[in-house]
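Report on the following structure.
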Amino acid sequence: MTSTVRAQTGFEEAFDDLFLRAFRVARRILADPATAEDVAAEAMARAFAHWPKIGDQPWREGWVVRVATNLSLDIARKRSRLTDVAVQEASAEDDDVAVRLALVEAMARLPRRQREVVALRHLAGMSEAETAAALRVSAGSVKTHLSRGLAALRKGLGPDAPVLVGEVAGDA
Amino acid sequence: MPENWPTPTPRDELLARVVVRGRRIRMLNRLLIGVAAAAATAAGAVGLALGASGTVSFGGGPVGADVGGDGATYFACPNTGAVGELHDGDRVYLTGQDDSGDWVQVRSPLVSTSRVWIRGEHVDPDEQVDLPVATCSDEVGELELADDATTTTTTTEAVDQEPDEPEETTTTVAPSTTATTAPPTTTPATTAPTPTTTTTTTTVPTTTTTSTTTTTVPTTTTTTAPAPVITSASVSPTPMIRRVSPAGSCESSFGGHETSTVRADGVANATSVPWVARINGQQVASGSLSPSLQVPDRWQGSIGPFAQGSQQSPDQVTVVVTASGPGGSAQRSDSFTLNECEAPF
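So the sequence lines, in the order shown, correspond to chains U and D. Position one of the first sequence corresponds to residue 2 (the numbering used here), numbered consecutively onward. Position one of the second sequence corresponds to residue 7 (the numbering used here), numbered consecutively onward.
Following this line, the structure appears as structure tokens:
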């Protein structure tokens, strides 16, 4: 079996879990399942391109989630600058859109490490230990970055910031 | 494969698409590295043949390096004004260094035929190599790009630790043909001692030869913008069902879909692709599609949920998708059935 085929086999075995992680975090940022699917697929395509290097690493889930997070935030920020925001019949969607946009803008302003920890812990639903392994830092560092990240979000979004993150994370 | 695969596209189709796209990314990365290496090898040979002074042969071509720490500002010349920012994990290709060794010269992330400078402590080379000494006067200066040529040439993520983080200037979402990678051009002979136009051996159609000359990457220069094109529009999956509270009760009980995907294929020359949904000529929903990251010339977005209506009979919904751009607009449409959700007793 050639190394290419072997690498692809390993990728296929990991595909479901990694794709679903990426899709979940993209969906929580973007809400739109079609675009979230696109983002997750792009994140996985990049993972495939680098699979020989990342496939055996314990932080590969974190790598994929971070790529998906960054792609999603980029798309969401671009959309927020467009004037034609999607409008559906149910007006309650407008509040959800406003929450997501506010959260996207606030998260994009966080320092990189804090943004990653918030995304992995709250949007991707990873445990503290998983997040620490994905980022190759200690559990204590994860706690510190999360605390600081949420504090910065509270400053930008108000005291309900953790609730907002949780609301977005609770969707999809 | 897990049950209840959550995306509109089936799992196996997604996997196949991901593998095709991943192979393309891998191939393009290798092509860029190979072209850069070949060009730099040729450049080194030319430099040696001309008796270049102060140059050190490093026949292996540009050395790859990762930007680390908090990113790096890059400059047209060492200790001059900044011209751009690189981010932690970005990939650069080293082509030289200054006399002191404190600054390294790299291929411009925006235009591969240009060179910019970064402080050496910000890059982590793939391998240790004696870089040739380069002076700023040798360089083709940083080119100013037109507004719509903003996709960056960050070709790969720094694999070991940091994936690329698409900020405004680094996104690969833009549906231009130059997205994600730099065009595979040959690079000028930067180690050659003569700062003349003969160093420009590239196929990039620019004529800049000095660092003070600015130019724009060629974009559409015709006076009449090409008309937008759209080949087809579709809504899938269908049929759709109006939502009742609690959400999802119709899908789980009666089949159908509360949300679906609007797709426009074969889209070209468009800057926006809005859609409108109508029942009996009356608008009931609208939205805007985004370019697909996976499929060229495809734009897509979600539609639904539709709130419960007063009619008990199904509705026929027509979705009209418009590809709009400077050259005008083009439309395609699709129709689907929207059923009421008949709540169980």
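Beta carbons are placed, not taken as given, at the ideal position from N, Cα and C, and that holds for glycine. Keep in mind it's a predicted model, so treat the numbers as computed, not measured.
| Check | Outcome |
| --- | --- |
| A329 (chain D), enclosing beta strand (DSSP E) - first and last residue | D321 to G331 |
| Inter-stretch contact (C-beta, 8 angstroms, three-pair minimum) for the segment 112-128 of chain U and the segment 34-49 of chain U | no |
| Interface flag, V89 (chain D) vs chain U, CB-CB below 8 angstroms | no |
| Exposed unless 16 or more other CB atoms sit within 10 angstroms - verdict on V69 (chain D) | buried |
| Residue environment, L111 (chain U), which counts as buried when at least 16 other CB atoms sit within 10 Å | buried |
| Own chain, CB closer than 8 angstroms to F1 (chain U), minus 5 neighbours either side, in chain order | Because residue 1 (chain U) is not part of the residues shown, which for chain U are 2 to 173, the question remains open. |
| N-terminal and C-terminal residue of the alpha helix (DSSP H) that R39 (chain U) is part of | Before going further, note that residue 39 (chain U) is Asp rather than Arg in the sequence given. From DSSP, the alpha helix (DSSP H) with D39 (chain U) extends over P34 to A50. |
| Where R27 (chain D) meets chain U, residues with beta-carbon distance less than 9 angstroms | A42, E43, M45, A46, R47, F49 and A50 |
| Status (buried if at least 16 other CB within 10 Å, exposed otherwise) for D96 (chain D) | buried |
| CA-to-CA distance, L136 (chain U) to T156 (chain D), given in whole angstroms | Confidence is the limiting factor: at T156 (chain D) the pLDDT is only 33, short of 50, which leaves the residue's position unreliable and the question unanswerable from this model. |
| Near-chain D residues of the segment 23-36 of chain U - C-beta to any C-beta below 7 angstroms | F24, D33, P34, A35 and T36 |
| Any chain U beta carbon closer than 8 angstroms to I31 (chain D) | yes |
| Beta-carbon neighbours of G307 (chain D), restricted to chain U and to distances below 9 angstroms | D33, A35, T36 and A87 |
| Extent of the continuous beta strand (DSSP E) run through R149 (chain U) | That residue, R149 (chain U), is in no beta strand (DSSP E); its alpha helix (DSSP H) goes A140 to L158. |
| Nearest residue (CA-CA) to A131 (chain U), options U:D17, U:W60 and U:V65 | In the sequence as presented, Ala is not what sits at residue 131 (chain U); that position holds Glu. If we check each option's Cα against that of E131 (chain U), U:W60 comes out closest. |
| Proximal residues to W11 (chain D) (C-beta, below 8 angstroms), its chain only, five neighbours per side dropped | R17 |
| Contact list for the segment 112-131 of chain D against chain U, Cβ threshold 7 angstroms | none |
| Assigned exposure category for N85 (chain D) - 16 Cβ within 10 Å defines buried | exposed |
| Inter-residue spacing [alpha-carbon to alpha-carbon] between I247 (chain D) and S339 (chain D) | 20 angstroms |
| Residue-level contact to chain D via CB, E90 (chain U), 8 angstroms cutoff | Residue confidence for E90 (chain U) is low, a pLDDT of 34 falling below 50, so the modelled location carries little weight and cannot support an answer. |
| Status (buried if at least 16 other CB within 10 Å, exposed otherwise) for C347 (chain D) | buried |
| Interface residues of chain U facing D94 (chain D) [CB-CB closer than 7 angstroms] | R113 |
| 8 angstroms Cβ cutoff met for Q337 (chain D) and I236 (chain D) | yes |
| Contacts of Q300 (chain D) in chain U (Cβ-Cβ under 9 angstroms) | E38, D39, A42, E43 and A46 |
| Proximal residues of chain D, C-beta to C-beta of E13 (chain U) below 8 angstroms | L21 |
| Within chain U, the residues that V24 (chain D) reaches when beta carbons sit closer than 7 angstroms | A42, M45, A46 and F49 |
| Neighbour list for T267 (chain D) in chain U, Cβ cutoff strictly below 8 angstroms | P34 and A35 |
| Where Q115 (chain U) sits in the DSSP three-state scheme | helix |
| Closest residue to M127 (chain U) among U:A15, U:D17 and U:A23 (Cα-Cα distance) | U:A23 |
| According to DSSP, residues forming a beta bridge with Q289 (chain D) | D:R284 |
| Three-state class that DSSP yields for I30 (chain U) in the structure shown | helix |
| Cβ pair S330 (chain D), A276 (chain D) closer than 8 angstroms | yes |
| Chain U contact for E343 (chain D) (CB, 8 angstroms cutoff) | Looking at the sequence shown, residue 343 (chain D) is not Glu but Thr. Output row for T343 (chain D): interface = no. |
| Nearest to D33 (chain U) (by Cα), restricted to the options D:F342, D:R249, D:G307 and D:P320 | D:G307 |
| Inter-residue spacing [alpha-carbon to alpha-carbon] between A35 (chain U) and A103 (chain U) | 21 angstroms |
| Under the three-state DSSP convention, the category T13 (chain D) falls into | coil |
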